[in-house]
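Undergrad: I'd like to ask some things about the structure below.
Number of protein chains: 2
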Amino acid sequence: MKYVKDLVCISCGEKYEASPTQYLCPKCGEKGILDVEYDYEKIKKDWNKQDLKANPDPSIWRYSPLLPIDPNTPKPPLRVGGTPLYKSNVAKLLGVETLYIKDDGLNPTGSLKDRASAIAVVKAQEAGMNIVACASTGNAASSLAGNIASMGNEMKAVIFVPSRAPIGKVTQLLVFGALVLSVKGSYEETFYLSQEAIDKWGWYNRNAAINPYLVEGKKTSSIEIAEQLNWQMVDWLVYSVGDGCTIAGAWKGMYDLKQIGFIDKLPRLLGVQSEGCAPITQAFKNGTDLVPVAENTIADSIAVGKPRNYIKAIKAVKDSNGDMINVTDDEILNMIKILGKNTGIFGEPAGVAGVAGIKKATENGIIKPTESVAVVVTGNGLKDIKNAEKAVGAPLTLQPDLKELSQLLKDYNF
Amino acid sequence: MKYVKDLVCISCGEKYEASPTQYLCPKCGEKGILDVEYDYEKIKKDWNKQDLKANPDPSIWRYSPLLPIDPNTPKPPLRVGGTPLYKSNVAKLLGVETLYIKDDGLNPTGSLKDRASAIAVVKAQEAGMNIVACASTGNAASSLAGNIASMGNEMKAVIFVPSRAPIGKVTQLLVFGALVLSVKGSYEETFYLSQEAIDKWGWYNRNAAINPYLVEGKKTSSIEIAEQLNWQMVDWLVYSVGDGCTIAGAWKGMYDLKQIGFIDKLPRLLGVQSEGCAPITQAFKNGTDLVPVAENTIADSIAVGKPRNYIKAIKAVKDSNGDMINVTDDEILNMIKILGKNTGIFGEPAGVAGVAGIKKATENGIIKPTESVAVVVTGNGLKDIKNAEKAVGAPLTLQPDLKELSQLLKDYNF
Chain X
1 MKYVKDLVCI SCGEKYEASP TQYLCPKCGE KGILDVEYDY EKIKKDWNKQ
51 DLKANPDPSI WRYSPLLPID PNTPKPPLRV GGTPLYKSNV AKLLGVETLY
101 IKDDGLNPTG SLKDRASAIA VVKAQEAGMN IVACASTGNA ASSLAGNIAS
151 MGNEMKAVIF VPSRAPIGKV TQLLVFGALV LSVKGSYEET FYLSQEAIDK
201 WGWYNRNAAI NPYLVEGKKT SSIEIAEQLN WQMVDWLVYS VGDGCTIAGA
251 WKGMYDLKQI GFIDKLPRLL GVQSEGCAPI TQAFKNGTDL VPVAENTIAD
301 SIAVGKPRNY IKAIKAVKDS NGDMINVTDD EILNMIKILG KNTGIFGEPA
351 GVAGVAGIKK ATENGIIKPT ESVAVVVTGN GLKDIKNAEK AVGAPLTLQP
401 DLKELSQLLK DYNF
Chain G
1001 MKYVKDLVCI SCGEKYEASP TQYLCPKCGE KGILDVEYDY EKIKKDWNKQ
1051 DLKANPDPSI WRYSPLLPID PNTPKPPLRV GGTPLYKSNV AKLLGVETLY
1101 IKDDGLNPTG SLKDRASAIA VVKAQEAGMN IVACASTGNA ASSLAGNIAS
1151 MGNEMKAVIF VPSRAPIGKV TQLLVFGALV LSVKGSYEET FYLSQEAIDK
1201 WGWYNRNAAI NPYLVEGKKT SSIEIAEQLN WQMVDWLVYS VGDGCTIAGA
1251 WKGMYDLKQI GFIDKLPRLL GVQSEGCAPI TQAFKNGTDL VPVAENTIAD
1301 SIAVGKPRNY IKAIKAVKDS NGDMINVTDD EILNMIKILG KNTGIFGEPA
1351 GVAGVAGIKK ATENGIIKPT ESVAVVVTGN GLKDIKNAEK AVGAPLTLQP
1401 DLKELSQLLK DYNF
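Here the protein sequences line up with chains X and G, keeping their order. Here our numbering is used: the first residue of the first sequence is 1, the next is one more, and so on. Here our numbering is used: the first residue of the second sequence is 1001, the next is one more, and so on.
Laid out in structure tokens, this is it:
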């Protein structure tokens, strides 16, 4: 916590000491989302690009001066971060000249959320707690369970999932030894139950919107992009949006780098929601407060009818002079195929929603063909095989017989 | 191909020019598996540990001097290799003091086989072919499909899978745009059909046992371990064994490093098969030729009743003064849980079979408690959720109600 000054409420501006369990501004309640403030001058004195270049650790901990942790707290051993960034040949297909795709599905438990959960494991220890809980549609859950598991038997994860969560995600967190509670209700109801339980039993709270430290983990995804691009940022940075924390974190990463002089240019943010659940886009476009909506989309990881970090998300998009856009489930399924077939990257529906948003944004004139774009595929497609099946169908079936194969290839015009 | 001298038949010793399509020794037929020979003296002159350390590329291509490729051939863009090696806290649980686990499930398509498929994509181009085919229980297939996809529309993968392959693996390769042929038959029949088709239509052959170059890709898994251990090799190197290529490759990597002076000590190999399909262990133990067996195991990625690279595999284990051992399906399922719960690593059944083998080998006195061990988890657990479900069961289910939760936690002794 060497470089952390305080926590500031994004609604009223009140400042608080950065204790591990200071989750919200008590004055503003649910809207009192806190933001970590750093002493950038001090960081600039102690840390520069050369120090970073000389650091062989590829994980998120290489950015420790910009993380709200005590350097001495034990870190979960999983290698979180350091995911590849590809200059992609689908740029033209999506309507731009230059496109970079970061495959965050290659994080240890298969999603970007490992970046937040790793921080949660550290902060829980700093709070003296060994049980960490969250409500999640899946990835926050499995990343927490996996990172907790990597600590051995020292800590325990309690996970609340809505019963609609895909079996792959639930199985993964059972494998990681978490106590899994499948709640017969919406994400909303699941979330409130987790809050009640956390209050009642005094567990550490890994609900990303409520916990100001987790966004700080998520910001490493955009910081990594900047480093991988040798600090020359693209014109647009694109993320899918559910609860709002990831895109808010991405902006925080850019802001931090600008403050310490690692980058000159800030990108514009494009936030992409699913048409079947787009309350943040709606609030952004209408300039109104958030109106909760139903959760009707296959992209379960961003299906959040009442997102909790919409204020930070909308502020981030506005501050960046960015935009919000929605994509349909069909566009998402189609993008799973386009991306898989042309790049060898297999994303889950929410994971590729951002990429689908680029296509739509170039068609709508939001992103110009000459502008450069970076996008993060936020979760691994292996997490949601059922929806991928919808996208691609079944294989050709045949007997082990060369004649049958010849006929099949002929029919297939191969 | 700057450092490749020739191909040598491991059965008769005949040497051949290293052309991209020299698959087998024509004199020895199926037993005429070829091995790539390098000019180690030349490599030693041109390349040292410092060169390697200075190379920022974390992928398998950092070991190019030890790979049978023309450095100028375009490489598939996916970042293959550079997977994490963890010093593991499950060492004691498995009966040893020091254990390192490499998570190769974090390769781009989720398995170690990316290492071989990346080489196949390069060699096909060197042969002037743009269609690459293989028969596979899944991972060789998806890794080929993914690496081919990353080349854009320049190449095409044709994949023969036995119809028992898990849906997750099949869906993944359909996502990657491969032509997938699901064969109603055993792996054996599937393999022969692929061979006939490859001969008939002149496709490039990615069947690992038949193609001497692919083992050279697989060897990067053990070379990486050596580099990650700062060239101080462990006493035992453990791999699960199906067709025999992976463990043969691992040994080749060790042999190469010894020849060029990067390591002093060679590890002993422990090969682990599934009790329900263990023809290589049988041949190794009995000192007989291989007798094909049925394929009765949940570990589909190593369920190979008639393995094709058993000669190279058995030679590797013998040359290393190593051993072979079998584990049951129950031991494999149990190890999915142990590994997940204690390390946050989620492996598929074949992926954790090697780890289960360590436990058995320490119990049997093959591996001593004071000896150090490294093992590779060869595939991601998300690829085979159905078997993981068998290992872990279902989550606790409840209404969104705090009272019900209190009762549940009490019943659960939490």
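Backbone N, C-alpha and C define an ideal beta-carbon position, used for all residues, glycine too. Note that the structure is a prediction, hence the values are computed from the model and not measured.
1) Just mark THR1370(G) as buried or exposed, buried being the case when its beta carbon has 16 or more other beta carbons within 10 Å.
2) Along chain G, in chain order, which residues have C-beta atoms closer than 9 Å to that of GLN228(X)?
3) Identify, in the order they occur along the chain, each residue of the same chain with its Cβ nearer than 8 Å to the Cβ of TRP203(X), setting aside the five sequence neighbours on each side.
4) Just to check, is the beta-carbon of GLY365(X) closer than 8 Å to a non-hydrogen atom of the ligand ZN?
5) Just verifying my parser: in three-state terms, what is the DSSP assignment at ASN1139(G)?
6) Does the distance from the C-beta atom of LEU270(X) to that of ILE358(X) stay below 9 Å?
7) Consult DSSP for ASP1006(G) and reduce its assignment to one of helix, strand or coil.
8) Measure the beta-carbon distance from PRO1162(G) to SER1186(G) and round it to whole angstroms, keeping in mind my assumption that it falls under 8 Å.
9) Who are the near neighbours of ALA303(X) in its chain, counting only those whose CB is closer than 6 Å to its CB and skipping five residues on each side?
10) Can you list the residues of chain G that ILE43(X) reaches, using a CB-CB cut of under 8 Å?
11) Got a sec: which bits of the stretch 1330-1352 of chain G sit with their beta carbon under 8 Å from any beta carbon on chain X, in order along the chain?
12) Kindly say whether THR1378(G), judged by its beta-carbon, lies nearer than 9 Å to any beta-carbon of chain X.
13) Which value, in whole angstroms, describes the spacing of the CA atoms of TYR38(X) and TYR3(X)?
14) Would you mind working out which of CYS245(X), GLU331(X), LYS306(X), PHE414(X) sits nearest SER274(X), comparing C-alpha positions?
15) Could you tell me whether the Cβ atoms of SER1240(G) and ALA1299(G) are closer together than 9 Å?
16) Under a Cβ-count criterion, where at least 16 other Cβ atoms within 10 Å of its own Cβ denotes burial, should ASN1147(G) be classed as buried or exposed?
17) Which residues of the stretch 1234-1249 of chain G have a Cβ closer than 9 Å to any Cβ of chain X? Give them in chain order.
18) Mind listing which residues of the stretch 1180-1192 of chain G have their C-beta closer than 8 Å to chain X's C-betas, in chain order?
19) Run the CB neighbour count on PRO68(X), radius 10 Å, all protein chains shown included, and call it buried at 16 or more, exposed below.
20) Below 9 Å between beta carbons: does that hold for THR343(X) and ASN153(X)?
21) Would you identify the three-state DSSP class for THR397(X), choosing helix, strand or coil?
22) Using a Cβ-Cβ distance cut-off of 9 Å, determine whether VAL1375(G) contacts chain X.
23) From THR1362(G) to GLY1244(G), what distance separates their C-alpha atoms?
24) Determine which residues share a DSSP beta bridge with ASP1070(G) and list them.
25) Should VAL291(X) be labelled buried (16 or more other beta-carbon atoms within 10 Å of its own) or exposed?
26) Checking contacts by CB at 9 Å: is GLU1224(G) closer than that to chain X?
27) Closest to GLY1105(G) by C-alpha separation, out of GLY1379(G), GLN1232(G), ASN1309(G), would be which residue?
28) Just mark TYR1023(G) as buried or exposed, buried being the case when its beta carbon has 16 or more other beta carbons within 10 Å.
29) Do you know offhand how far GLY1261(G)'s Cα is from PRO1056(G)'s?
30) Would ALA1120(G) and GLY1217(G) be called neighbours here (beta carbons separated by less than 9 Å)?
31) Using only alpha-carbon positions, find the residue among THR98(X), ILE210(X), ALA388(X) that is nearest to ILE33(X).
32) Alpha carbons only, please: which of LEU382(X), ILE366(X), ILE60(X) is nearest the one belonging to LEU237(X)?
33) For the stretch 1022-1033 of chain G, list every residue whose C-beta sits within 7 Å of some C-beta in chain X, in sequence order.
34) For PHE1380(G), which beta-bridge partners are listed by DSSP?
35) Can you say whether ASP1046(G) is buried or exposed, counting buried as having 16 or more other CB atoms within 10 angstroms of its CB?
36) Measuring straight from C-alpha to C-alpha, what distance separates ASP384(X) and PRO20(X)?
TA: Reading off the structure:
1) exposed
2) Going along chain G, no residue has its Cβ under 9 Å from GLN228(X), so there is no contact; the nearest lies around 11 Å.
3) MET129, ILE131, VAL132, ALA133, VAL158, ALA197
4) Questions concerning the ligand ZN fall outside what the structure shown contains, since it holds no ligand whatsoever.
5) helix
6) Result yes, Cβ atoms of LEU270(X) and ILE358(X) sit closer than 9 Å.
7) strand
8) Contact holds; Cβ gap of about 6 Å.
9) CYS277, GLU295, THR297
10) The contact set of ILE43(X) on chain G, defined by CB atoms closer than 8 Å, is empty, because the minimum CB distance reaches about 24 Å.
11) ILE1336, LYS1337, GLY1340, LYS1341, ASN1342, THR1343, GLY1344, ILE1345, PHE1346
12) no
13) 5 Å
14) The option with the nearest alpha carbon to SER274(X) is GLU331(X).
15) yes
16) buried
17) Flagged: no residues at all.
18) Closer than 8 Å at the C-beta level to chain X, one finds these residues of the stretch 1180-1192 of chain G: VAL1180, LEU1181, SER1182, VAL1183, LYS1184, GLY1185, GLU1189, THR1190, TYR1192.
19) When all chains shown are included, PRO68(X) counts as buried.
20) no
21) strand
22) no
23) C-alpha separation (whole angstroms): 23 Å.
24) According to DSSP, ASP1070(G) shares a beta bridge with no other residue.
25) Around the beta-carbon of VAL291(X), fewer than 16 other beta-carbon atoms lie within 10 Å, marking it exposed.
26) no
27) GLY1379(G)
28) buried
29) 22 Å
30) yes
31) ILE210(X)
32) ILE366(X)
33) none
34) The amino acid at residue 1380(G) is misidentified as Phe; the sequence shows Asn. Per DSSP, GLY1347(G).
35) exposed
36) 34 Å
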